[in-house]
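What follows is one structure encoded as structure tokens, with my remarks underneath.
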Amino acid sequence: MSLDKFTYDNRYPKFFAMATIFWGAVGMLLGVIAAFQLAFPVLNFSDYFPHIAFGRLRPVHTNAVIFAFVGNGIFTAVYYALPRLLKTPMYSKALSRIHFWGWQLIIVLAAVTLLFGFTTGKEYAELEWPIDILITLIWVVFGINMFGTILTRRERHLYVAIWFFIGSWVTVAMLHIVNSFEYPVSFMKSYSWYAGVQDALVQWWYGHNAVAFFLTTPYLGLMYYFLPKVAERPIYSYRLSIVHFWSLIFLYIWAGPHHLLYTALPDWAQSLGTAFSIMLILPSWGGMLNGLFTLRGAWDKVRENPVLKFFVVAVTCYGMATFEGPLLSLKNVNAISHYSDWTVAHVHIGALGWNGFLTFGMLYYLIPKLWNTKLYSTKLASTHFWIGTLGIILYALPMYWSAFRAYFMMKAFTPEGMLQYEFIDVVKTTLPFYIMRAVGGTIFLVGVFVMIYNLIKTAKAGSFVASEDAEAAPLAKEYVAPANSIWHSFLERKPLLLLVLSLVVVGIGGMVELIPTFLVKENIPAISSVKPYTPLELQGRDIYIREGCYNCHSQMIRPFRYEVARYGEYSKAGEFVYDHPFQWGSKRTGPDLARIGGKYGNAWHFNHMMEPSAVVQGSIMPTYPSLYDNIIDKGSTNSKIHAMRKMGVPYPVNYEAIANADLDKQASAIATGLKTDNKIDVKSDKEIIALIAYLQRIGKDIKLEPKTAIQ
Amino acid sequence: MTQHKIKFIFLTCLTFLVPMMAWAQEVKDAASGVAPIKSSFNLDINTALIIVAALLLFPIFAAAKTFIIGADNYSKTKKSGPSNNTKSGLVLIMLFSSQLLFAQTKAAPELISGTSFTYLILIVIAIEIALIMFLSSSTSGFIHSITHESIGAEYVEAPSLIQRFKNLWNKSNNFIPIEEESKLDTGHSYDGIRELDNITPPWFTAAFLGTILFGIVYLYTRHVSHTAPLQIQEYETAMAQAEEEKNAFLATQSNNIDENTVRLLTGPDVEAGKAIFLQKCVACHSENGASKPGGVGPNLTDDHWIHGGSVQNIFASIKNGWPEKGMISWKDQIAPKQMAQIASFIKSIKGTVAAGGKEPQGEVYTESAAATTTDTAAAKPAVADTLKK
Chain A
9 MSLDKFTYDN RYPKFFAMAT IFWGAVGMLL GVIAAFQLAF PVLNFSDYFP HIAFGRLRPV
69 HTNAVIFAFV GNGIFTAVYY ALPRLLKTPM YSKALSRIHF WGWQLIIVLA AVTLLFGFTT
129 GKEYAELEWP IDILITLIWV VFGINMFGTI LTRRERHLYV AIWFFIGSWV TVAMLHIVNS
189 FEYPVSFMKS YSWYAGVQDA LVQWWYGHNA VAFFLTTPYL GLMYYFLPKV AERPIYSYRL
249 SIVHFWSLIF LYIWAGPHHL LYTALPDWAQ SLGTAFSIML ILPSWGGMLN GLFTLRGAWD
309 KVRENPVLKF FVVAVTCYGM ATFEGPLLSL KNVNAISHYS DWTVAHVHIG ALGWNGFLTF
369 GMLYYLIPKL WNTKLYSTKL ASTHFWIGTL GIILYALPMY WSAFRAYFMM KAFTPEGMLQ
429 YEFIDVVKTT LPFYIMRAVG GTIFLVGVFV MIYNLIKTAK AGSFVASEDA EAAPLAKEYV
489 APANSIWHSF LERKPLLLLV LSLVVVGIGG MVELIPTFLV KENIPAISSV KPYTPLELQG
549 RDIYIREGCY NCHSQMIRPF RYEVARYGEY SKAGEFVYDH PFQWGSKRTG PDLARIGGKY
609 GNAWHFNHMM EPSAVVQGSI MPTYPSLYDN IIDKGSTNSK IHAMRKMGVP YPVNYEAIAN
669 ADLDKQASAI ATGLKTDNKI DVKSDKEIIA LIAYLQRIGK DIKLEPKTAI Q
Chain B
57 MTQHKIKFIF LTCLTFLVPM MAWAQEVKDA ASGVAPIKSS FNLDINTALI IVAALLLFPI
117 FAAAKTFIIG ADNYSKTKKS GPSNNTKSGL VLIMLFSSQL LFAQTKAAPE LISGTSFTYL
177 ILIVIAIEIA LIMFLSSSTS GFIHSITHES IGAEYVEAPS LIQRFKNLWN KSNNFIPIEE
237 ESKLDTGHSY DGIRELDNIT PPWFTAAFLG TILFGIVYLY TRHVSHTAPL QIQEYETAMA
297 QAEEEKNAFL ATQSNNIDEN TVRLLTGPDV EAGKAIFLQK CVACHSENGA SKPGGVGPNL
357 TDDHWIHGGS VQNIFASIKN GWPEKGMISW KDQIAPKQMA QIASFIKSIK GTVAAGGKEP
417 QGEVYTESAA ATTTDTAAAK PAVADTLKK
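Taken in order, these protein sequences are the chains called A and B. Going by my numbering, the letters in the first sequence line up with residues 9 to 719, in that order. Going by my numbering, the letters in the second sequence line up with residues 57 to 445, in that order.
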């Protein structure tokens, strides 16, 4: 049989690898800055400009490390491994180019728009609708390029790494599209299509599975290619691959509600989240076992080869994080960890350990290969390994410690039945831990710069191999499977069937959880006194979203004695029916705000937003001087009201016509009140007035409910 | 091989199941919370466990017997061996003590709650199993060495602890020696990556089944049998319990002060009031109590009072607040005694700040009226008057 001759294009793996390194350094640097901002609020520089205050910077950090660093890492692996596993070049050079530059454009747009306050207010999906559409298009380009390659392959069966790439691609597409349903108000402003509890469920179905299908499954694919390559060992168990691939993608999708335990989410959905998270332990561990057992007989190499060192720690961190995750999904553990630094520690074990170290290992292997040379310094790589490991430990330990201290302080009561500590006492206690964490993060980042130096030196020593020649026999038209082949090998020959089947498998969990929450009314018991926001409050709410307040403040009081005593009556599902998007938050660096309405006077908020630490001594909240200069964007009121009504918020018909008049009336009442009661001079058209109006409304409606309605 | 695997899986499932039953029991107890329901299941599991513990005594007895015989034989063949008397003595002590422990727990159920009793029996069973394993492995060690010596073979050193763990590890993963792995080669080669087809480690399969079982039990107890509490039930139980504890404590304290009974306190109470003031009140009233021009709270050091300046008035303001003016109600966060201390402290700082405070607000309150404010009957209308405004 004649052999086909073809070449592997090494340029795109190179581009993606360079982008991975660049965005990795940028994203982690932003993380370090954000960490120091928590410890030293002056670093928010909000007296000069509002763009890099923590509430805006943190989303840029998370988006950068997830979609820019890990995203480009995934593409590096796919563009390098896929052609080699299938013995064919990538399908289309044009699509590769569009994919690469399109993705980098998305990243730049994301960073700029987020810093300028354009955000949907949904964690890890903050980007506004035009960028969402762009992401969808580029993702489709990537998909066509990947499937084109698969369909023109010269290898009959698909290797396990490719199953993971396929499963990840189709699931991310599903998650992104469903969660990004939003109603555009203007060019860079939209409201989530879903509200309250439903929005929360969709968001965390997405958020959890962004971790699963963006940070985990594609990286398992990466591991399945690079780990056996570097160790020069066969994969330990083919059947374990089959078992853990299918069980992992099936079970993962169900676990989203474990981000909403003890919230107003219906009990049954929470229980599903817990039960399926526990079932997820072993499928996750299947990946770890297959990785570690593949190293059987190669452990002597691990001692010498820094690439394998990185891989071993990455896979171990993966095992730890996927064991800790299910534990955090047990409700009694979650009661401690939710809203706390524990969650932050947990995700960073996964992000720094699993994603970070696996990427570093891949780069240390790939760069010398692409430049046809040896790694400049194995010793420096080993140094990076130890610096990185130290960084992870110094990052995680203070966070665990601070979470537990905070928990015990939060729930402490005096014998008289009064809370023992103010929230600010907890903040002061956790402050030293924030400093330690920032130092840990810095150390990790230093390791990255050591790597960059090493890799640049390596590339300079070699010469880039733009294309590699290869040859392989074309696939015969006819194929008869050997009699002893197992059922699964049939699927490995049918990529489109594998794609459809993956979609079906991941679709089940989502549908079982989402559809009843949307259709069954009992899941969200109505509260008659809950009314839509006034135009001024709505504008204030958009300021709240723009400044990213949800990054530090939750709006969801859990049914615990110590939360009810501290914040007020626990939150009910019916209170959020007009919240497009929901703002429950996931972290309490500051106190919960679900019942802030009416707790303090307007003057308190006025002074507090100007200089938080002057009102609450020891506060680490940034100042917001720009709110006192900015004018409320009244031009958008009409379209906002209109969009809300289109999505079912019961504003009267043609309310748009008088909305701004109502807004003015409410605003001047607040300004006048501040003037007469507190001698504060402020014009009624400033943003601070709208924000005060919104804060004073949160969680108040339920108190107006007729008493007889209770029970 | 497969038989071994099935056995292993079965045993692991069992070990998962037993603590889970105990746990389910605990959850059940918690669920019943306020009004405990005594279920027959409660008795069943403990009785069952006692029976298991009792039955385990027979193999212990048998194993101990065999051990002693083995030790005797061993010392006969190897004269210079360690005194077997001490060894068999040791075994007898262990046997005895475990029985003692058992007898104790058996007598105890009335004293210990159902849950901790369940755990106690589980510990006893665990000790018993450990004992059996120890006895049987030592006995087989004797037999092993005796047979080797009797056939004149060289004495084989027993494997070290690390080696034993390695063996256990290899066995539990069903590892095959690396030299034989080519037998498991699937023949796949993807860009040079080969694949073996090792079976999934038995403990993996067992633990996976165990977690699925957990999921089923978890959902069943919460949404089918309703034996485990949902979050609002948990909350109500916790609140009721906290209320009870609080009342029990307050009954021992002279803490039931209200705006009618409050009296001006002195000395350490004023100091205590100051400490709380510095913690809770300074945000609006400043550290010296005088607030600032344009500040949120009124000046507490001047003669002017918006809502009355008697200790009773101040106590009432702290307790109920004036929410529309920004003064929150503190009654859920500060105990009555402490509110009396704060009110007394506020009375003590009158006139301490000459300048820099907030401008006067409200009416002048003179201490001449104080004569009447100590009269509780007079304090009431004063509060009522301000409410009308």
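Just so you know, even glycine gets a beta-carbon here, dropped at the ideal spot from N, CA and C.
The closest CA to that of GLN289(B), considering only GLU500(A), ARG566(A) and THR70(A), is found on ARG566(A). If you ignore the 5 residues before and after VAL68(A), its C-beta comes within less than 7 Å of the C-beta of LEU38, ALA119, LEU122 and LEU123, all in its own chain and listed in chain order. Classified as buried, TRP212(A) has 16 or more neighbouring CB atoms from the shown chains inside 10 Å of its CB. Across the set TRP276(A), LEU290(A), TYR202(A) and ILE257(A), the C-alpha of LEU290(A) shows the shortest separation from the C-alpha of THR261(B).
Taking a Cβ-Cβ threshold of 7 Å, the residues of chain B close to ARG569(A) are ALA294, MET295 and ALA298, in chain order.
In the three-state reduction of the DSSP assignment, ALA346(B) falls in the coil class, being assigned neither a helical nor a strand state.
Between ALA42(A) and PHE62(A), the beta carbon gap of about 6 Å places them in contact (Cβ cut-off 8 Å).
Of the other Cβ atoms in all chains shown, 16 or more fall within 10 Å of the Cβ of PRO285(B); this residue is therefore buried.
By the Cβ criterion, the region 10 to 26 of chain A is in contact with the region 93 to 111 of chain A, since at least three pairs of Cβ atoms, one from each stretch, lie closer than 8 Å.
Interface annotation for the region 268 to 290 of chain A against chain B: TYR270, ASP275, TRP276, SER279, THR282, ALA283, PHE284, ILE286, MET287, ILE289 and LEU290, criterion Cβ-Cβ distance under 7 Å. Contact check for ALA329(A) against GLY299(A) fails: the beta carbons are separated by 7 Å or more. Around the Cβ of THR322(B), a 10 Å sphere holds fewer than 16 other Cβ atoms; the residue is exposed.
Taking 7 Å as the cut-off, the Cβ atoms of ALA208(A) and LEU268(A) count as close. At the C-beta level, LYS419(A) and TYR663(A) stay beyond 7 Å of one another. Taking a beta-carbon distance threshold of 7 Å, GLY425(A) counts as an interface residue toward chain B. Under the three-state reduction of DSSP, GLY243(B) is assigned to strand.
Residues of chain A whose Cβ lies closer than 8 Å to the Cβ of GLN335(B) are, in chain order, GLU430. Chain A places no beta carbon closer than 7 Å to that of GLN417(B), leaving this residue out of the contacts. In this structure, SER373(B) sits away from LEU320(B), with a CB-CB distance that is not shorter than 7 Å.
In the structure shown, LEU252(B) adopts extended strand secondary structure according to DSSP, grouped into three states. Sorting GLY151(A), LEU166(A) and LYS197(A) by C-alpha distance to the C-alpha of VAL180(A) places GLY151(A) at the top. Three or more pairs of CB atoms, one per stretch, sit closer than 8 Å, so the region 167 to 179 of chain A contacts the region 218 to 232 of chain A. C-alpha of ILE464(A) to C-alpha of CYS560(A): approximately 39 Å in a straight line. A direct Cα-to-Cα measurement between TRP201(A) and TRP495(A) gives close to 42 Å. At a C-beta separation below 7 Å, PRO236(A) has these neighbours in chain B: ILE249. Each of GLU237(B), ALA263(B) and ALA296(B) was checked against the Cα of SER228(B), and the nearest Cα belongs to ALA263(B). Per the coordinates, the alpha-carbon of SER510(A) lies some 8 Å from the alpha-carbon of VAL178(A). By the Cβ neighbour-count rule, TYR487(A) is exposed, with fewer than 16 other Cβ atoms within 10 Å of its own. Closest in C-alpha terms to TRP362(A), from the list TRP350(A), ASN380(A), ILE400(A) and THR381(A), comes ILE400(A). DSSP, reduced to helix, strand and coil, places TYR632(A) outside both helices and strands of the structure shown, so it counts as coil. For TRP361(B), DSSP records a beta bridge to GLU419(B).
Rounded to whole angstroms, the gap between the alpha carbons of GLU545(A) and ILE604(A) is 14 Å. The residue from ILE249(B), ARG220(B), ASP128(B) and GLU415(B) with its alpha-carbon nearest to that of ILE362(B) is GLU415(B). In this structure, ASP253(B) and SER497(A) do not form a Cβ contact; the two beta carbons are roughly 12 Å apart against a cut-off of 8 Å.
DSSP places GLU290(B) within a helical segment (H, G or I) once states are collapsed to three. SER245(A) has a beta carbon lying within less than 7 Å of a beta carbon in chain B.
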